[in-house]
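Student:
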Amino acid sequence: MELTAEGDLIIMPPTGGESGIRNSDLNADLVIWNRQTRLGYVFDSSTIFKLPNGAKRSPDVSWVIRERWEALSAEDRRRFPPLCPDFVIELRSETDSLPPLQRKMEEYLANGLRLGWLLDPQTPLAEIYRPDREVETLNFSTQQISPSLSGELVLPEFILDLTSIFHFE
Numbered sequence: 001m002e003l004t005a006e007g008d009l010i011i012m013p014p015t016g017g018e019s020g021i022r023n024s025d026l027n028a029d030l031v032i033w034n035r036q037t038r039l040g041y042v043f044d045s046s047t048i049f050k051l052p053n054g055a056k057r058s059p060d061v062s063w064v065i066r067e068r069w070e071a072l073s074a075e076d077r078r079r080f081p082p083l084c085p086d087f088v089i090e091l092r093s094e095t096d097s098l099p100p101l102q103r104k105m106e107e108y109l110a111n112g113l114r115l116g117w118l119l120d121p122q123t124p125l126a127e128i129y130r131p132d133r134e135v136e137t138l139n140f141s142t143q144q145i146s147p148s149l150s151g152e153l154v155l156p157e158f159i160l161d162l163t164s165i166f167h168f169e
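Residue numbering for the sequence shown follows the UniProt record's numbering, starting at 1 and increasing by one per position.
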């Protein structure tokens, strides 16, 4: 479940098996990178963040830089952390409509997100969200580029291979 800034409750339907595998793969890739760098903390979709605008959101995959996480009180870390993650991934499942996910990504940006990826295996496309920039859309069905994304300066040296997410194997 999530709660909008306006107080509307959103029931999130459970995902199917393929989306569950994709979510697990995304989390695993970020966890492996984070264990090597020790730059922050990785969260799965069970974690609800209380954003500065009052919304309570649960991204599919998220990451918070170590300094911001450790600046929270022990109580805030145990409950719904009162911050917007530095990085999020939202993965469109077959039950998701794209426009609400895009609005959610914009909400993350408005609340302090530094980098976000909206992944749509159905098209297959990736939308990259960064502060003060237009959304960049990569359509992997038409572009002859390697299906991967860079963590840029937010997640130094993190490269996400999208081959299994978009079933290019």
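Yeah, the Cβ is synthetic: ideal placement off N, Cα and C, and Gly gets one too.
#1: Just list the residues that DSSP pairs ASP132 with in beta bridges.
#2: Please report the straight-line C-alpha distance between SER164 and ARG22, rounded to a whole angstrom.
#3: Please report the straight-line C-alpha distance between LEU119 and ARG92, rounded to a whole angstrom.
#4: Say whether the stretch 42-51 touches the stretch 118-134, bearing in mind that this needs 3 or more beta-carbon pairs closer than 8 Å, one atom from each stretch.
#5: With distances taken Cα to Cα, identify the nearest neighbour of PRO147 among LEU160, GLU106, VAL154.
#6: Three-state secondary structure (DSSP) at ASN139?
#7: Could you tell me the boundaries of the beta strand (DSSP E) in which ILE159 lies?
#8: Could you name the residues of the same chain whose beta carbon sits closer than 7 Å to that of ASP76, not counting the 5 residues immediately before and after it, in chain order?
#9: If you follow the beta strand (DSSP E) that SER62 is in, where does it begin and where does it stop?
#10: In the DSSP assignment, find the alpha helix (DSSP H) that holds LEU26 and state where it starts and stops.
#11: Would you please state the rounded distance, in angstroms, between the beta carbons of TRP63 and ASP86? I believe it to be under 8 Å.
#12: Apart from the five residues just before and just after GLU136, which ones in its own chain have a Cβ nearer than 6 Å to its Cβ?
#13: Determine the direct distance from the alpha carbon of PHE166 to that of PRO156, and round the result to whole angstroms.
#14: If GLU107 and ALA71 are in contact, beta carbons under 8 Å, what's the gap, nearest whole angstrom?
#15: Just to confirm the assignment, what range does the alpha helix (DSSP H) spanning ASP8 have?
Tutor: Looking at the atomic coordinates:
#1: Position 132 of the sequence shown holds residue 132. Answer is none; ASP132 lacks a bridge partner.
#2: Here residue 164 refers to the residue found at position 164 when the sequence shown is read from its first residue. Here residue 22 refers to the residue found at position 22 when the sequence shown is read from its first residue. Their Cα atoms are separated by approximately 8 Å.
#3: Here residue 119 refers to the residue found at position 119 when the sequence shown is read from its first residue. Here residue 92 refers to the residue found at position 92 when the sequence shown is read from its first residue. The straight-line gap from Cα to Cα measures roughly 6 Å.
#4: no
#5: Counting from 1 along the sequence shown, the entry for residue 147 is found at position 147. Among LEU160, GLU106, VAL154, the Cα nearest to that of PRO147 is on LEU160.
#6: Here residue 139 is taken as the residue at index 139 of the sequence shown, counted from 1. Strand.
#7: Here residue 159 is taken as the residue at index 159 of the sequence shown, counted from 1. Looking at the DSSP string, the run of the beta strand (DSSP E) that includes ILE159 is 159-161.
#8: For the purposes of this step, residue 76 is taken as the residue at position 76 of the sequence shown. So the qualifying residues of the chain are PRO82.
#9: Counting from 1 along the sequence shown, the entry for residue 62 is found at position 62. 61-65 is the extent of the beta strand (DSSP E) around SER62.
#10: Start at 1 with the first residue of the sequence shown, and residue 26 comes out as number 26. Unbroken alpha helix (DSSP H) run through LEU26: 17-37.
#11: As a first step, residue 63 is located in the sequence shown; it is residue number 63 there, counting from the start. As a first step, residue 86 is located in the sequence shown; it is residue number 86 there, counting from the start. The pair is a contact, with the Cβ atoms about 6 Å apart (cut-off 8 Å).
#12: Position 136 of the sequence shown holds residue 136. ILE128.
#13: Along the sequence shown, one-based indexing puts residue 156 at 156. Along the sequence shown, one-based indexing puts residue 166 at 166. The alpha-carbon atoms of PRO156 and PHE166 are separated by roughly 23 Å.
#14: Start at 1 with the first residue of the sequence shown, and residue 107 comes out as number 107. Start at 1 with the first residue of the sequence shown, and residue 71 comes out as number 71. So it is not a contact: roughly 23 Å between Cβ atoms.
#15: Walking along the sequence shown from the start, residue 8 turns up at place 8. ASP8 -> no alpha helix (DSSP H), and no H or E assigned at all.
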